[in-house]
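Going by the working numbering, 372 is the number at position 339 of the sequence shown; the sequence numbering is gapless.
From the three backbone atoms N, C-alpha and C, an ideal C-beta is built for every residue, glycine too.
Just so it is clear, the structure is predicted and the values come from calculations on it, not from any experiment.
Notes for the one structure printed next.
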Amino acid sequence: MTARLGRWSLARQVLVLQILVVGITVAGATLLGFLRTRELLGDEAARTTRAVAISVADAPTVLDALDDPDPSAVLQPYAERVRAEAGLDFITIMNRDGRRYTHPNPRQIGGRFLGTTAPALAGRTFTETYTGTLGPSVRAVTPVRDATGRVRALVSAGITVAKISAEVREQIGSAVITGLLGLAAGIAGAYLVGARLRRQTHGLGPAELSRMYEYHNAILHAVREGLLLVDRDGRLTLANDGARELLGLPGDAEGRHVGDLGLSPSLAAMLGSGESRSDEIHLTGERVLVASAAVVRSGTRSLGTVVTLRDHTELQALTGQLDAERGFAESLRSAAHEAANRLHTVVALVELGRADQAVEFATAELRAAQRLTDRVVGAVREPVLAALLLGKSAAAAERGVDLVISPDSELDDVALDARDLVTIVGNLIDNAIDAAVQGTVQGTGQDTVHGAGQGAPPARVRVRLRAEDGTFLIRVADSGPGLDPGVVRDVFRRGWSTKGDGRGLGLAMAGQAARRLGGGIEVGTGGQGTGGQGPDGQGAVFTVRLPLPPRPAHDGVTRDPAREEVRP
């Protein structure tokens with residue numbers, strides 16, 4: 034039997050349990066009602082018979098009739114009239130010896146009263162249940178007193194137990210009908226509750242629900258990716274351990290609106306949108322997250338949104354570093370291509386018998402290439418940044434932009450995360466190159482419109498890297514059109530871009546990396562075009578200040594004084 038019950042669904046078990054509870058409750062209530070009704074009717078019969086008996090005993094007609102030679106002639110009609118009006122089964126008036134003057138059955142007149150009379154003869158009114166000529170009855174016996182207080186006769190009024198039982202049966206019939214109606218209503222309600230529960234539990238049994246709950250908890254805690262459940266009102270209903278770690282959620286996050294959790298505006302807007310999204314990139318204080326959202330529906334009704342979060346911080350950092358390495362490799366490829374062209378030129382000059390010109394050409398090209406390398410490596414002895422600058426110099430040259438290392442740049446190895454440095458410097462230089470090229474295009478357009486004929490302004494990016502007073506300073510300036518002061522606050526927001534394509538991520542990642550290293554980025558703006566720009570020809574200036582960890586007083590490195598001064 035237990036095994037069979039275990040196979041029942043939770044809804045069926047609840048339905049059966051509710052029917053049993055309702056049935057037992059209704060049966061118990063009916064039984065208690067029956068007992069209570071019988072008790073109340075018995076008490077009511079005792080009060081009624083007592084009141085009628087006292088009323089008859091106090092009537093002057095009774096006391097006057099006792100002095101007649103035949104008291105029954107007067108008392109019998111009077112007693113029967115009162116009995117009929119009061120609804121009693123008998124009113125018996127008797128002398129002190131118990132001889133009846135009245136009785137519902139006239140043949141019983143003159144006979145001896147069956148019951149207790151001693152308390153009444155003593156002057157006290159009392160009630161009892163006794164079996165007399167009409168069967169068991171509830172009766173009251175009271176004395177009839179004269180003017181001196183002497184007991185002259187007795188009066189007994191009673192209701193048979195059969196009549197009381199008939200009233201109880203009548204009352205209990207109504208109670209049973211009411212109980213059956215209540216039982217039917219209870220069963221109907223239990224069925225409706227069971228049907229709703231069956232829909233909500235999908236007909237699963239307690240064991241299956243328990244197993245699903247255990248699997249649910251195990252999966253939530255085991256999955257490294259973040260998982261969020263947001264209801265239709267934008268309130269967070271569930272967050273697993275991965276989501277709490279990725280977003281830094283407080284302990285009381287569940288039940289709060291997503292806008293009150295301190296999330297980035299873009300991520301909070303996505304969580305509260307109630308729309309399906311796929312692989313969107315969002316930035317938090319220290320992480321790059323890829324978020325996807327799926328709307329959960331029941332028919333046409335939306336139940337909420339399931340959001341998954343994946344941490345792409347390391348991947349984005351590695352991607353940025355890979356881009357830098359790719360750029361450096363591309364610059365080496367370009368350099369190799371140019372070197373091959375120059376070598377062919379030298380060989381052709383030698384074949385033409387112009388050896389002096391070949392030597393002069395080769396020496397000049399070698400000197401120019403070595404000057405660039407010496408300028409970068411001499412100023413920046415941090416190997417990762419040096420390689421990045423060489424790659425960006427070649428990339429800038431291919432786009433017609435002059436990448437200049439500031440003469441006062443001086444940087445040794447710094448104890449900062451190389452990937453974050455690549456992210457910051459690489460993205461700032463890429464942004465500056467794009468701005469410089471954009472400024473050149475706009476400058477050319479302006480000259481054409483105005484007919485100045487002076488050509489495009491020079492495209493230039495100036496980079497300054499320097500460690501001083503415990504701070505690593507990075508400053509990147511461009512000769513572009515500058516930034517509108519109204520958008521300066523938005524440049525580090527994900528999706529911001531001067532190209533208007535909404536895919537801007539580089540500056541946002543640079544700002545995130547700077548905050549991760551404990552620093553910040555400041556933005557300076559210049560005028561539009563060339564005339565209103567800053568003193569160095571820059572349209573926008575990005576300045577990064579990063580705190581450097583303290584170095585030991587002596588690091589055991591012997592420095593070359595000849596390389597301390599860097600010349601462009």
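Hey, how far is the Cα of residue i from the Cα of residue j?
i: residue 442; j: residue 374; result: 33 Å
i: residue 245; j: residue 217; result: 35 Å
i: residue 395; j: residue 426; result: 21 Å
i: residue 156; j: residue 131; result: 15 Å
i: residue 449; j: residue 505; result: 10 Å
i: residue 383; j: residue 454; result: 46 Å
i: residue 171; j: residue 143; result: 22 Å
i: residue 415; j: residue 250; result: 48 Å
i: residue 159; j: residue 124; result: 15 Å
i: residue 481; j: residue 429; result: Below a pLDDT of 50, predicted positions are generally treated as unreliable, and residue 481, at 33, falls in that range; the measurement from the model is reported next regardless. Straight-line Cα distance between these residues: approximately 25 Å.
i: residue 195; j: residue 138; result: 18 Å
i: residue 581; j: residue 447; result: 7 Å
i: residue 294; j: residue 334; result: 26 Å
i: residue 53; j: residue 210; result: 19 Å
i: residue 140; j: residue 63; result: 43 Å
i: residue 386; j: residue 379; result: 11 Å
i: residue 150; j: residue 76; result: 21 Å
i: residue 232; j: residue 225; result: 11 Å
i: residue 452; j: residue 388; result: 48 Å
i: residue 267; j: residue 303; result: 10 Å
i: residue 510; j: residue 339; result: 44 Å
i: residue 203; j: residue 67; result: 10 Å
i: residue 614; j: residue 572; result: Given a span of 34 to 601 for the chain in the structure shown, any question on residue 614 remains unanswerable.
i: residue 284; j: residue 324; result: 22 Å
i: residue 501; j: residue 547; result: 17 Å
Report the residue from the options whose alpha carbon sits nearest the alpha carbon of residue i.
i: residue 47; options: 335, 555, 229; result: 229
i: residue 117; options: 136, 127, 291; result: 136
i: residue 128; options: 115, 113, 103, 139; result: 103
i: residue 212; options: 162, 548, 77, 55; result: 55
i: residue 259; options: 423, 428, 281; result: 281
i: residue 24; options: 232, 49, 150; result: This structure leaves residue 24 out entirely; the chain is present only between 34 and 601.
i: residue 180; options: 96, 548, 466; result: 96
i: residue 413; options: 391, 362, 376, 507; result: 507
i: residue 540; options: 554, 550, 549; result: 554
i: residue 684; options: 344, 329, 271, 339; result: Residue 684 is absent from the structure shown; the chain starts at 34 and stops at 601.
i: residue 252; options: 266, 272, 264, 268; result: 272
i: residue 503; options: 546, 579, 109; result: 579
i: residue 208; options: 313, 65, 297, 248; result: 65
i: residue 312; options: 341, 284, 286, 297; result: 341
i: residue 58; options: 219, 385, 362; result: 219
i: residue 463; options: 452, 115, 300, 494; result: 494
i: residue 277; options: 320, 381, 509, 516; result: 320
i: residue 549; options: 496, 457, 203, 467; result: 457
i: residue 185; options: 109, 248, 100; result: 100
i: residue 298; options: 284, 314, 94; result: 314
i: residue 165; options: 133, 69, 268, 286; result: 133
i: residue 197; options: 70, 227, 114, 106; result: 70
CB residue i to CB residue j, shorter than 8 Å?
i: residue 191; j: residue 122; result: yes
i: residue 292; j: residue 305; result: yes
i: residue 289; j: residue 275; result: no
i: residue 577; j: residue 557; result: no
i: residue 148; j: residue 174; result: yes
i: residue 176; j: residue 199; result: no
i: residue 214; j: residue 193; result: no
i: residue 337; j: residue 263; result: yes
i: residue 498; j: residue 418; result: yes
i: residue 322; j: residue 279; result: yes
i: residue 461; j: residue 543; result: yes
i: residue 309; j: residue 328; result: yes
Strictly by DSSP, which residues pair up with residue i?
i: residue 112; result: Looking at the DSSP assignment, residue 112 forms no beta bridge with any residue, so it has no partner.
i: residue 580; result: 504
i: residue 127; result: 133, 187
i: residue 462; result: For residue 462, which the question treats as bridged, DSSP gives no partner whatsoever.
i: residue 152; result: Answer by DSSP bridge pairing: none, since residue 152 is not bridged.
i: residue 176; result: 187
i: residue 163; result: 170
i: residue 555; result: 576
i: residue 344; result: 322
i: residue 210; result: For residue 210, which the question treats as bridged, DSSP gives no partner whatsoever.
i: residue 328; result: 338
Write down the C-beta distance between residue i and residue j rounded to the nearest angstrom, noting that I regard them as a contact closer than 8 Å.
i: residue 469; j: residue 512; result: 5 Å
i: residue 492; j: residue 434; result: 4 Å
i: residue 545; j: residue 514; result: Not a contact, Cβ separation roughly 26 Å.
Determine, using beta carbons only, whether residue i comes closer than 8 Å to chain D.
i: residue 449; result: Checking the listed chains, one finds no chain D in this structure; it contains a single protein chain.
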